[in-house]
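Each position in the sequence shown, counted from 1, maps to that position plus 40 in this note's numbering.
Each remark here refers to the structure printed beneath this line.
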Amino acid sequence: EEIIDGDRVMYQFPDRLLCSKEELVGYLFAWMSLFGVCIVTRERGHMNIPILVDKLGTSGKKIMNCLGEVIAFLFSAIILVFGGYQIVILAMGQMTSSLGVPIGIFYIILPLCGVLNMIYIVMNVIDILKESPDEEEVV
Numbered sequence: 041e042e043i044i045d046g047d048r049v050m051y052q053f054p055d056r057l058l059c060s061k062e063e064l065v066g067y068l069f070a071w072m073s074l075f076g077v078c079i080v081t082r083e084r085g086h087m088n089i090p091i092l093v094d095k096l097g098t099s100g101k102k103i104m105n106c107l108g109e110v111i112a113f114l115f116s117a118i119i120l121v122f123g124g125y126q127i128v129i130l131a132m133g134q135m136t137s138s139l140g141v142p143i144g145i146f147y148i149i150l151p152l153c154g155v156l157n158m159i160y161i162v163m164n165v166i167d168i169l170k171e172s173p174d175e176e177e178v179v
């Protein structure tokens, strides 16, 4: 059985497949970036400026950490899930230039990552509320 790799196929049809490959790489790069955001959300590794939070007491730190998570939750719900869903619906009627598939298929990652972020954020808030004073992590 012969295995045909991408370069062999591209040699036979160089114009169409080269464009397709570049377009697909662009969409997959965006997907990987958004999945990276989900990983950072899960690990509570997002950027923060702890200078003000460090001056608060234990309960103040928990409140500020929870507030940050609530803001991230709202962003995920409104922008990624709701807005992403709207974009997917609008883009399903448009076809990609070289791949010939609806653009909405590539945009489906927005609401999916939004939901995943929201799940991780709820888990983060639960962890923040369960933390004892000596193991608290400022985010």
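Positions of the beta carbon are idealized from the N, C-alpha and C atoms, including for glycine.
Kindly indicate the opening and closing residues of the alpha helix (DSSP H) around residue i.
{"i": "Gln-171", "result": "The identity of residue 171 in the sequence shown is Glu, whereas the question assumes Gln. Where Glu-171 is concerned, there is no enclosing alpha helix (DSSP H), given that its DSSP letter is neither H nor E."}
{"i": "Ala-112", "result": "98 to 115"}
{"i": "Phe-122", "result": "Per DSSP, Phe-122 belongs to no alpha helix (DSSP H) and is neither H nor E."}
Tell me whether residue i is buried or exposed, calling it buried when 16 or more other Cβ atoms sit within 10 Å of its Cβ.
{"i": "Thr-98", "result": "exposed"}
{"i": "Leu-92", "result": "exposed"}
{"i": "Phe-69", "result": "exposed"}
{"i": "Lys-200", "result": "In this structure the chain extends from 41 to 179, so residue 200 is not present and cannot be described."}
{"i": "Glu-109", "result": "buried"}
{"i": "Asn-88", "result": "exposed"}
Which residues in the same chain as residue i place their Cβ atom closer than 6 Å to its Cβ, once the five residues preceding and following it in sequence are excluded?
{"i": "Thr-81", "result": "Asn-157, Tyr-160"}
{"i": "Ile-148", "result": "Val-128"}
{"i": "Ala-131", "result": "Ile-143, Gly-144, Tyr-147"}
What does the alpha-carbon distance come out to for the pair residue i and residue j?
{"i": "Leu-64", "j": "Ile-103", "result": "43 Å"}
{"i": "Val-165", "j": "Glu-171", "result": "10 Å"}
{"i": "His-86", "j": "Phe-122", "result": "22 Å"}
Can you give me the Cβ contacts of residue i inside the same chain, cut-off strictly under 8 Å, excluding the 5 residues immediately before and after it?
{"i": "Met-135", "result": "Val-141, Pro-142, Ile-143"}
{"i": "Cys-78", "result": "Cys-153, Leu-156, Asn-157, Tyr-160"}
{"i": "Val-162", "result": "Phe-113"}
Leaving out five residues before and five after residue i in sequence, what residues of the same chain have Cβ atoms less than 7 Å from its Cβ?
{"i": "Leu-120", "result": "Leu-150, Pro-151, Cys-153, Gly-154, Asn-157"}
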